[in-house]
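Student:
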Amino acid sequence: MMASLVLLAQVAASAASEGLPFEHTQNVVYGEAHGVGLIMDVFVPRGERNGAAIIDVVSGAWYADRGKLAEHWAAGMYEFHCARGFTVFAVRPGSVSHFTGEEMLAHIRTALKFVRGHTVEYGIDPQRIGLVGASAGGHLATLAAVTAAPEDRVQAVAVFFPPTDFLDWDGDGRMPDFEEIGPLLFPDGLNGRSDEDIRAKAAALSPARQIGENPPPCLFIHGDADPLVPLYQSQTMLEALKRAGGHAELIVKPGGEHPWPTIREEVAVMAAWMEHQIGAPAGDR
Numbered sequence: 004m005m006a007s008l009v010l011l012a013q014v015a016a017s018a019a020s021e022g023l024p025f026e027h028t029q030n031v032v033y034g035e036a037h038g039v040g041l042i043m044d045v046f047v048p049r050g051e052r053n054g055a056a057i058i059d060v061v062s063g064a065w066y067a068d069r070g071k072l073a074e075h076w077a078a079g080m081y082e083f084h085c086a087r088g089f090t091v092f093a094v095r096p097g098s099v100s101h102f103t104g105e106e107m108l109a110h111i112r113t114a115l116k117f118v119r120g121h122t123v124e125y126g127i128d129p130q131r132i133g134l135v136g137a138s139a140g141g142h143l144a145t146l147a148a149v150t151a152a153p154e155d156r157v158q159a160v161a162v163f164f165p166p167t168d169f170l171d172w173d174g175d176g177r178m179p180d181f182e183e184i185g186p187l188l189f190p191d192g193l194n195g196r197s198d199e200d201i202r203a204k205a206a207a208l209s210p211a212r213q214i215g216e217n218p219p220p221c222l223f224i225h226g227d228a229d230p231l232v233p234l235y236q237s238q239t240m241l242e243a244l245k246r247a248g249g250h251a252e253l254i255v256k257p258g259g260e261h262p263w264p265t266i267r268e269e270v271a272v273m274a275a276w277m278e279h280q281i282g283a284p285a286g287d288r
């Protein structure tokens with residue numbers, strides 16, 4: 004599945020100047036960490052811009068290589084949002100081989116500051132910014148949104164199959180069993196860490212356990228046959244947001260895995276939802 008998505012994205016990229024609704028700029032540096040540049044790709048609508056921005060957190064299994072961006076391209080993430088007038092910033096927050104979850108979260112906040120610092124250049128309203136992502140990118144996007152300080156607040160979040168609670172993975176009170184969790188929590192992994200330390204760090208990186216005041220509207224899209232991230236993860240986030248007084252929606256894809264072959268259809272739904280949330284200034288909605 005991954006290989007076919009990458010191939011499709013490569014075909015799409017080769018036709019970027021013919022028929023796609025955006026102009027594409029690669030490798031824009033938005034920050035620096037450990038002496039290494041942090042980069043994003045920028046997709047600017049060819050047609051009319053709506054003045055709103057989408058920050059797409061590009062990460063899968065907490066790796067952010069260009070292959071992950073190619074998968075998002077193939078799924079229509081840039082095509083559908085740019086067709087509705089959004090300027091999209093495909094942010095790569097770094098990979099778990101070099102950065103912890105806390106560091107990746109800090110990188111997303113750096114990207115938000117970059118976008119807000121270039122609103123005139125890109126024609127963006129700093130009060131109309133949405134976050135999107137899938138899987139690990141969905142986790143980081145959701146975490147960034149619900150833990151944001153008032154000055155970093157975004158106005159909408161829409162994500163696919165995100166991990167949201169590392170202390171209760173499938174409703175059974177157990178943590179997930181996958182190799183990325185160690186370096187995601189600590190630079191040197193779990194070796195020598197007490198259970199108390201591990202659980203505290205896992206809670207700090209669990210969006211469902213870190214919801215602050217006035218969370219933005221959220222949309223979750225998740226398959227009920229996901230073999231990697233249980234549907235429970237979106238369900239528990241939905242309920243946590245509602246308990247906090249937030250507005251949240253969940254679309255369940257029958258038979259959907261991680262991802263599913265027709266996911267472009269749901270990306271189109273995501274773009275339409277984002278247009279409803281932030282596609283126009285608040286007074287015009």
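Counting with this note's numbering, you get residues 4 to 288 for the letters of the sequence shown. No residue lacks a Cβ here, since even glycine has one placed at the ideal position from N, Cα and C. This structure is a prediction, so every number in the text was calculated from the model and none was measured.
#1: CB-CB under 8 Å to Thr239, same chain, minus the five flanking residues each way: which ones, in chain order?
#2: The alpha helix (DSSP H) spanning Thr113 covers which residue range?
#3: What first and last residue would you give for the beta strand (DSSP E) that runs through Gln29?
#4: Using three-state DSSP, classify Ser17 as helix, strand or coil.
#5: Does the beta-carbon of Gln280 have 16 or more other beta-carbons within 10 angstroms, so that it is buried, or is it exposed?
#6: By the three-class DSSP mapping on this structure, what secondary structure does Pro78 have?
#7: Kindly give me the distance between the Cβ atoms of Val99 and Leu134, rounded to whole angstroms, as I take these residues to be in contact under 8 Å.
#8: Decide if the region 114-126 is in contact with the region 72-82; the criterion is three or more beta carbon pairs, one per stretch, under 8 Å apart.
#9: CA-CA distance, Ala357 and Thr103?
#10: State the DSSP-derived secondary structure class of Thr90, mapped to helix, strand or coil.
#11: Looking at chain B, is there any beta carbon in it that lies within less than 8 Å of the beta carbon of Asp287?
#12: Looking only at its own chain, which residues have a Cβ that is under 6 Å from the Cβ of Thr122, when we skip the five neighbours before and after it?
#13: So, is Val39 buried or exposed, given that buried needs 16 or more other C-beta atoms within 10 angstroms?
#14: Starting from Pro48, follow its DSSP beta bridges and name the residues at the other end.
#15: Distance check for Gly136 and Ile127, CA to CA, integer angstroms please.
#16: I think Ala56 touches Phe89, with their Cβ atoms under 8 Å apart; what is that distance to the nearest whole Å?
#17: I need the straight-line Cα distance from Thr145 to Tyr81, nearest angstrom please.
#18: From Asp227 to Gly140, what distance separates their C-alpha atoms?
#19: Please state if the CB of Asn53 and the CB of Ala283 are separated by a distance shorter than 8 Å.
#20: Please report the residue range of the beta strand (DSSP E) in which Ile224 lies.
#21: What's the gap between the Cα of Pro48 and the Cα of Gly248?
#22: Decide if Val255 is buried, meaning its Cβ has at least 16 other Cβ atoms within 10 Å, or exposed.
#23: Sort out for me which residues DSSP pairs Ile58 with in a bridge.
#24: So the alpha helix (DSSP H) Ala243 belongs to, where does it begin and stop?
#25: Return yes when the Cβ of Leu253 is within less than 8 Å of the Cβ of His225, no when it is not.
#26: For Phe163, name the three-state secondary structure that DSSP assigns.
Tutor: Considering the structure as presented:
#1: Setting aside the 5 residues that flank it on each side, Thr239 is surrounded in the same chain by Thr167, Asp168, Asp171, Gly174, Ala211, each with a C-beta closer than 8 Å to its C-beta; the list follows chain order.
#2: Here the alpha helix (DSSP H) through Thr113 covers 104-120.
#3: For Gln29, the enclosing beta strand (DSSP E) stretches over residues 25-36.
#4: Per-residue confidence for Ser17 stands at a pLDDT of 42, beneath the threshold of 50, marking its modelled position as unreliable; the derived number appears in the next sentence. For Ser17, the three-state secondary structure derived from DSSP is helix.
#5: Taking every protein chain shown into account, the CB of Gln280 has 16 or more other CB atoms within 10 angstroms, so this residue is buried.
#6: For clarity, residue 78 is Ala in the given sequence; the question names Pro instead. DSSP places Ala78 in coil when its eight states are reduced to three.
#7: Contact between Val99 and Leu134 fails: their C-beta atoms lie close to 20 Å from each other, not under 8 Å.
#8: Contact fails: fewer than three Cβ-Cβ distances are below 8 Å.
#9: No answer is possible for residue 357: the residues shown for the chain start at 4 and end at 288.
#10: Note: Thr90 maps to strand in three-state DSSP.
#11: Going by chain labels, chain B is absent from the structure shown, which holds only one protein chain.
#12: If we look at Thr122 and ignore the five residues flanking it on each side, its Cβ neighbours are Pro129.
#13: Val39 comes out exposed.
#14: Pro48 is bridged to Phe25.
#15: Roughly 20 Å between the two C-alpha positions.
#16: With a beta-carbon spacing of about 7 Å, Ala56 and Phe89 fall inside the 8 Å limit used to define contacts.
#17: When only Cα atoms are considered, Thr145 and Tyr81 end up about 19 Å apart.
#18: Rounded to the nearest angstrom, the two C-alpha atoms are 19 Å apart.
#19: Cβ atoms of Ala283 and Asn53: closer than 8 Å.
#20: Element bounds for Ile224: 221-226.
#21: CA-CA distance, Pro48 to Gly248, rounds to 35 Å.
#22: It is exposed - the Cβ of Val255 has fewer than 16 other Cβ atoms within 10 Å.
#23: According to DSSP, residue pairing for Ile58 in a beta bridge involves Phe92, Leu134.
#24: If you look at Ala243, you'll find it in the alpha helix (DSSP H) that goes 234-246.
#25: Contact flag set, yes.
#26: Phe163: strand per DSSP, three-state reduction.
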